[in-house]
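In terms of my numbering, the sequence shown has 815 at position 168, counting the first letter as 1, and numbering is strictly consecutive.
Even for Gly, the Cβ is constructed at its ideal location relative to N, Cα and C.
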Amino acid sequence: MNNLFTPYSIKNLELKNRIVMSPMCQYSVDKEDGAPNDWHFVHYVSRSVGGTGLIIMEMTSVTPEGRITNGDLGLWSDHQIPEYQRIINEIHKHGTKVGIQIAHAGRKAEDATQPVGASDIPVEVLPEETMNGELKPPRALTTQEVQKIVQQFKEATERAVKAGFDTVELHGAHGYLLHQFMSPSINNRADDYGKDLALFGEEVVRAVKSVMPPTMPLIMRMSAIEYVDGGYNLSHSIKMAKRFKEAGVDLFHISSGGEGPPGKSKPKNTPGYQVPFAREFKEQLGLPVIAVGKLSHPALAEATISNGDAELVAIARGMLNDPYWGLHAEKALTHKVNPPFQYSRGIR
């Protein structure tokens, strides 16, 4: 079994294996600055040393008030670019590629003085599900403000390209702003962005593609289903994804839920529970996919690739637990591994 460790290419993105580090917020930014610091440098570079093929840097906001918390990354200013470049340059030394997940938290912006969203419908969450214990009611964005945010996504992507990222991912999952617009349960607008639930996402995709090199792939993360009772199902998310594909998305990263309190539709949180969603996206859209969701056992990650369920597998908590997950998985599956020489006495 070694399909997990075969190279993979899409456009100019050439990966040494099929392992992706899933974006996971570190809540470690100097609050006013929004730029990565030494924590992020060690955190991400250590995973490249550990054998990961692609690192997708955590959710990074297009505007200060669009962050989940003030401890999150941002890419709203040119002054932030050099700190990203420092991390990217070091990651590349270890043969790993790196992307960035660009987003706006919308109504889930915990530290915003006034959160905004597709509508004024508040988020229902338990205090333990937030970093700061509460979420303020959102204000519905005006049509002009929506169009301004599209431009902010474009400008953040321009900075990502200047910084040297190998790919860009748009965060359209887990109840954040892009998801809010495509959700019938959250978006009750009367303007064009309410009449056409895919319109905002489609405009964001086209805007960011306009400033990306044509050989750079665009990834989009989506929640395949919502967990709230009455939330959208797989057929709705695929309908949205078809529009985003037409607008320029090259690869989908498939998760689920995150928009509100789980109801009857929430799947059991078992290993590989989201893989069927990824496979359905792949078959319906004819595009490559990243599968995610409790795939930390190397044999399960391998099976996901070998069975043709996905082209890539994303590991999240498994990499928080073990920065060298990739090397350890390779050793477990292939019985051979080539770690950096500095670690060869310990990983062999």
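query = Which whole runs of the alpha helix (DSSP H) in the segment 834 to 896 are 4 residues long or more, in chain order?
reply = 839 to 842, 846 to 856 and 881 to 894
query = Nearest CA to the CA of Glu930: which residue from Lys889, Arg714 and Gly848?
reply = Lys889
inquiry  = Quick check: the Cα distance between Met706 and Lys978, rounded to an integer number of angstroms?
reply    = 31 Å
key: Beta-carbon proximity of Pro860 to Leu844, cut-off 8 Å   = no
inquiry  = Between the alpha carbons of Ala614 and Ile702, how many angstroms are there, rounded?
reply    = Residue 614 is absent from the structure shown; the chain starts at 648 and stops at 995.
query = Candidates Gln727, Ser693, Asp876 and Leu660: which alpha carbon is nearest Gly905's?
reply = Asp876
key: Host alpha helix (DSSP H) of Leu967 (start-end)   = Arg964 to Asn968
query = Considering only residues of the same chain and omitting the five flanking positions on each side of Gly753, which have a CB-CB separation below 6 Å?
reply = Gly764, Tyr823, Leu824 and Gln827
As assigned by DSSP and simplified to three states, the class of Ala961 = strand
task = Flag this pair as yes or no: are the beta carbons of Phe688 and Ile749 separated by less than 8 Å?
result = no
inquiry  = Contact defined as beta carbons within less than 8 Å: I believe Leu651 pairs with Leu980. What is the distance between those atoms, to the nearest angstrom?
reply    = 6 Å
message = Along the chain, where does the beta strand (DSSP E) containing Ala938 start, and where does it finish?
response = Val936 to Val939
key: CB of Gly811 within 8 Å of CB of Val852, strictly   = no
task = Go ahead and label Met867 buried or exposed: buried means 16 or more other beta carbons lie within 10 angstroms of its beta carbon, across all protein chains shown.
result = buried
query = According to DSSP, what are the bridge partners of Ile657?
reply = Leu660
query = Can you round the beta-carbon distance between Thr699 and Met668 to whole angstroms, since I take them to be within the 8 Å contact cut?
reply = 5 Å
Element boundaries [beta strand (DSSP E), containing Glu816] = Thr814 to Gly819
message = Output needed for Ile885: all residues of its chain with C-beta closer than 6 Å, excluding positions within five of it in sequence on either side, in chain order.
response = Gln931
message = According to DSSP, simplified to helix, strand and coil, what is Gln791?
response = helix
Nearest residue (CA-CA) to Arg926, options Gly697, Asp956, Glu849 and Phe899 = Asp956
ask   = Just curious, the alpha helix (DSSP H) that Ala765 is in, first and last residue?
value = Taken as a continuous stretch (DSSP letters only), Ala765 belongs to no alpha helix (DSSP H), as it is neither H nor E.
query = Taking the alpha carbon of Ala787 as the point to measure from, which residue in Ile796, Gln798, Lys795 and Ile768 has its own alpha carbon closest?
reply = Ile768
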